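Residue numbering for the sequence shown follows the working numbering, beginning at 1015 and increasing consecutively.
Cβ atoms here follow ideal geometry from the backbone N, Cα and C, with glycine treated the same way.
Nothing here was measured: the structure is a model prediction, and the numbers come from that model.
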Amino acid sequence: MCGRFTITLEAADIEEDLGVSEMPADWLPRYNVAPTQPVAAVIDAGSRRAEWLRWGLIPSWAKDPKIASQLINARSETLAEKPSFRQAYARRRCLILADGFYEWQRSPGQKGPSKPYYFQLAEKKPFAFAGLWETWKSPEGEPLRTCTIITCAANEVVAPIHERMPVILTGNTAWKWLEPAGIDILNGFLKPYPAEKMTAIPISRLVNDANLDSAELIKPV
1015 MCGRFTITLE
1025 AADIEEDLGV
1035 SEMPADWLPR
1045 YNVAPTQPVA
1055 AVIDAGSRRA
1065 EWLRWGLIPS
1075 WAKDPKIASQ
1085 LINARSETLA
1095 EKPSFRQAYA
1105 RRRCLILADG
1115 FYEWQRSPGQ
1125 KGPSKPYYFQ
1135 LAEKKPFAFA
1145 GLWETWKSPE
1155 GEPLRTCTII
1165 TCAANEVVAP
1175 IHERMPVILT
1185 GNTAWKWLEP
1195 AGIDILNGFL
1205 KPYPAEKMTA
1215 IPISRLVNDA
1225 NLDSAELIKP
1235 V
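Spelled out as structure tokens, the structure:
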């Protein structure tokens, strides 16, 4: 799964590197983005404007918003089948902006806390997670836009730490993800990012605390 990530660059750098037309006015770099928090995402390939969505999908038909905690990730293999994701996969795809993510390693029989690792592109450039989004209305009629990160089987860099990884999109491929397409074409996006283009570093367990958010979290140990 993908349960924490980073987006540490300034707005101007993200706009230049990813081709985003505009970042949110209240943008601040983040070193420890966690579920239920706002994430910067693009839902329209035409405007390419980033906006805030809440991480943790709430389907439009959901009665209880607490379902969001169970839907922070969506498995690529079952997107077209699961009621929670099927319609969003066909019509409401998004790009969730990031420049790194965390995973935790636990060996068989290991006692004590898992060991965290930080993953990023070898070029240390920003990228996008392939995502889905929905609009849910509260009983009072207030709209809330939420999203989920799609995961796939891990590549050779991530696999020693965790069996799953987020689907990473870059360049023109990222923008094509937002364009209308059939399921066969969409499924072609959902594959592990090339391992030779990624790096992994062990980091301290400070990242376990979702209240901490500083560059100290991604320092190698």
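The alpha helix (DSSP H) spanning residue i covers which residue range?
| i | result |
| --- | --- |
| R1089 | Unbroken run through R1089 is the beta strand (DSSP E), 1087–1089; no alpha helix (DSSP H). |
| L1032 | 1025–1032 |
| D1197 | What sits at residue 1197 in the sequence shown is Ile, not Asp. Note, I1197: alpha helix (DSSP H), 1197–1201. |
| W1189 | 1185–1191 |
Residues bridged to residue i by DSSP?
| i | result |
| --- | --- |
| M1212 | L1135 |
| T1162 | L1146 |
| C1108 | G1145 |
| W1066 | A1054 |
| F1019 | V1047, F1115 |
| I1217 | P1234 |
| K1151 | P1157 |
| A1168 | Answer is none; A1168 lacks a bridge partner. |
| E1036 | R1063 |
| M1130 | With the sequence shown as reference, residue 1130 is identified as Pro, and Met is not the correct amino acid for it. P1130 is bridged to W1118. |
Determine, using beta carbons only, whether residue i comes closer than 9 Å to chain D.
| i | result |
| --- | --- |
| F1019 | Note that chain D does not occur in the displayed structure, where there is just one protein chain. |
Going along the chain, which residues of its own chain have a beta-carbon closer than 6 Å to the beta-carbon of residue i, five neighbours each way excluded?
| i | result |
| --- | --- |
| F1019 | V1047, A1112, F1115 |
| L1183 | A1142, A1144, W1191 |
| Y1049 | As written in the sequence, residue 1049 is Pro, which differs from the Tyr given in the question. Taken in chain order, the residues that qualify are W1069, G1070, I1086. |
So, is residue i buried or exposed, given that buried needs 16 or more other C-beta atoms within 10 angstroms?
| i | result |
| --- | --- |
| R1106 | buried |
| E1095 | exposed |
| L1093 | buried |
| W1150 | buried |
| V1235 | exposed |
| T1162 | buried |
| L967 | Absent from the model: residue 967. The displayed extent of the chain is 1015 to 1235, so no value can be given. |
| Q1084 | exposed |
| T1187 | exposed |
| P1130 | buried |
| I1028 | buried |
| A1026 | exposed |
Taking the beta strand (DSSP E) that residue i belongs to, which residues open and close that run?
| i | result |
| --- | --- |
| M1179 | 1178–1180 |
Excluding the 5 residues preceding and the 5 following residue i in the sequence, name in chain order all residues of the same chain whose CB lies nearer than 8 Å to its CB.
| i | result |
| --- | --- |
| T1022 | P1043, R1044, Y1045, D1113, G1114, A1229, I1232 |
Please go through the same chain and pick out, in chain order, the residues whose beta-carbon is closer than 7 Å to the beta-carbon of residue i, but skip the five residues on each side of it.
| i | result |
| --- | --- |
| L1226 | N1046, L1220 |
| S1090 | I1164, T1165, C1166, V1181, L1204 |
| M1015 | N1087, T1165, R1178 |
| P1110 | Sequence inspection shows Ile at residue 1110; the Pro mentioned does not correspond to that position. Taken in chain order, the residues that qualify are V1053, A1055, A1142, F1143, G1145, C1161, I1163. |
When the Cβ atoms of the region 1143–1153 are set against those of the region 1182–1200, are three or more pairs found closer than 8 Å? Short answer: they touch.
Quick check: the region 1062–1077 against the region 1043–1054, are there 3 or more CB pairs under 8 Å? With a cut-off of 8 Å, the region 1043–1054 and the region 1062–1077 count as touching, because enough Cβ pairs lie within range.
Hey, is the region 1167–1175 in contact with the region 1207–1214, meaning 3+ C-beta pairs nearer than 8 Å? Enough Cβ pairs lie closer than 8 Å, so yes.
Stretch pair the region 1132–1142 + the region 1075–1090: three plus CB contacts closer than 8 Å: Contact between the region 1132–1142 and the region 1075–1090 is absent: fewer than 3 CB-CB pairs across the two stretches fall below 8 Å.
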